[in-house]
Ligand code: MGP
Ligand code: SAH
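Residue numbers (UniProt numbering): 1 to 312.
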């Protein structure tokens with residue numbers, strides 16, 4: 001079995017955990033229910049891994065043939081995708097985190113279902129969608145049905161360090177409708193969604209998080225680049241993200257929905273803006289117990305009612 005145990009310290013005793021990681025260590029079974037079987041995380045892994053119950057909820061929504069987890073980190077999402085998708089491509093720029101993801105996937109028995117790629121997603125996405133010099137290949141070279149984006153948010157202080165223009169999460173937009181979906185209303189570690197601000201406990205107010213603060217490139221650029229691979233994107237974002245900026249994504253990438261049946265030969269690429277019908281975005285609040293952890297924004301065929309327009 002693949003083993004990356006020599007790469008990082010594995011904590012089993014709270015007394016040995018550095019002070020700033022203690023709050024994450026306390027949540028270790030939320031991140032990996034099989035933590036005691038040897039799961040490994042490094043510092044960035046501790047503060048950015050998607051908790052298992054949330055990863056499973058997202059993976060259910062993203063069920064497809066081939067999914068690309070563009071920023072796989074220590075594998076929280078990739079492991080869940082391996083349980084709902086035929087093929088998972090997991091990419092990360094950090095050789096250590098990629099090895100940790102593979103190690104953790106082996107513990108979950110899904111290592112063989114994931115193709116691990118060490119690399120920069122931005123270059124990879126450009127190489128997938130750049131036409132050959134003879135112009136023969138303007139479509140992605142391999143069919144990817146869904147891309148999951150969970151990029152770095154700029155560190156654990158993302159909630160307070162970026163000062164946005166307001167704290168208003170309500171959305172109004174002329175070209176996009178943002179829905180708040182309602183999976184399970186849970187009291188334990190499950191996800192549920194509600195309209196912004198109607199959670200079971202009042203959420204603290206934080207300055208808006210601007211998409212421009214995402215790494216390695218601003219969120220709008222990341223989205224536009226990814227749209228060249230597939231319209232079907234799940235974007236995992238801070239809970240205080242500016243929802244108006246989310247709604248503007250589908251306007252700036254020219255994504256109005258096609259009126260007629262799409263040509264199967266071109267359906268993997270962005271739809272042609274040939275109608276004024278609004279593209280819908282679905283926003284899922286990711287809750288654990290009474291705490292809102294993050295938002296997942298679904299685009300294209302991942303939105304209920306839009307799969308006929310954006311098939312895969
Ligand atoms: P959090 O609010 O920083 O942590 O992140 P925590 O411990 O849940 O805080 P609490 O005060 O609510 O208890 C919430 C969730 O967001 C984490 O569990 C991660 O799944 C995710 N997350 C946090 N960061 C800083 C990142 C990041 O940089 N990138 C990604 N992709 N996810 C992150
Ligand atoms: N969803 C993951 C956490 C992702 S954290 C999980 O559940 O474990 C964000 C990851 O993006 C980090 O591991 C970081 O190394 C990676 N990353 C940063 N820049 C990148 C780039 N240009 N290409 C690919 N991965 C990158």
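In this text, a Cβ means the ideal position worked out from N, Cα and C, and glycines have one as well.
Residues sharing a beta bridge with residue i, DSSP
i	result
residue 287	292
residue 87	66
residue 53	Answer is none; residue 53 lacks a bridge partner.
residue 297	235, 283
residue 3	Answer is none; residue 3 lacks a bridge partner.
residue 117	91
residue 303	BP columns for residue 303 are empty, so no partner.
residue 209	241
residue 146	67
Neighbourhood of residue i by C-beta distance below 6 Å, restricted to the same chain and skipping five residues each side
i	result
residue 68	89, 144, 147
residue 313	Here the chain covers residues 1 to 312 and nothing more, so residue 313 does not appear.
residue 225	125
residue 71	150, 151
residue 17	11, 25
residue 223	249
Nonlocal neighbours in the same chain, by C-beta distance under 7 Å from residue i, ignoring five residues either side
i	result
residue 116	90, 98, 101, 102
residue 119	91, 93
residue 39	32, 104, 107
residue 156	47
residue 63	84, 85
residue 167	At residue 167, the pLDDT of 47 sits below 50, so the modelled position is not reliable; the number obtained from the coordinates is stated separately. Result list for residue 167: 205, 206, 207, 208, in chain order.
residue 158	209, 238
Neighbour-count burial assignment, residue i, 16 or more Cβ in a 10 Å radius
i	result
residue 310	buried
residue 37	exposed
residue 160	exposed
residue 277	exposed
residue 35	buried
residue 214	buried
residue 242	buried
residue 210	buried
residue 142	exposed
Cβ shell of residue i (< 8 Å), same chain only, five flanking positions each side left out
i	result
residue 5	38, 40, 103
residue 306	257, 279, 280, 300
residue 295	236, 237, 238, 239, 241, 283, 284, 285, 286
Flag this pair as touching only if the segment 9-26 and the segment 98-117 have three or more C-beta atom pairs under 8 Å; answer yes or no. no
Count Cβ pairs between the segment 230-238 and the segment 294-301 that sit closer than 8 Å; are there 3 or more? Touching, yes, given that three or more Cβ pairs across the two stretches are closer than 8 Å.
Should the segment 47-64 be regarded as contacting the segment 73-81, the criterion being three or more beta carbon pairs within less than 8 Å? The answer is yes - the segment 73-81 touches the segment 47-64, with three or more Cβ pairs under 8 Å.
Taking any heavy atom of the ligand SAH as the mark, which residues have a C-beta closer than 5 Å to it, listed down the chain? With the cut-off at 5 Å, the residues found are 48, 49, 50, 71, 73, 74, 76, 77, 92, 93, 94, 97, 120, 121, 150, 152, 216.
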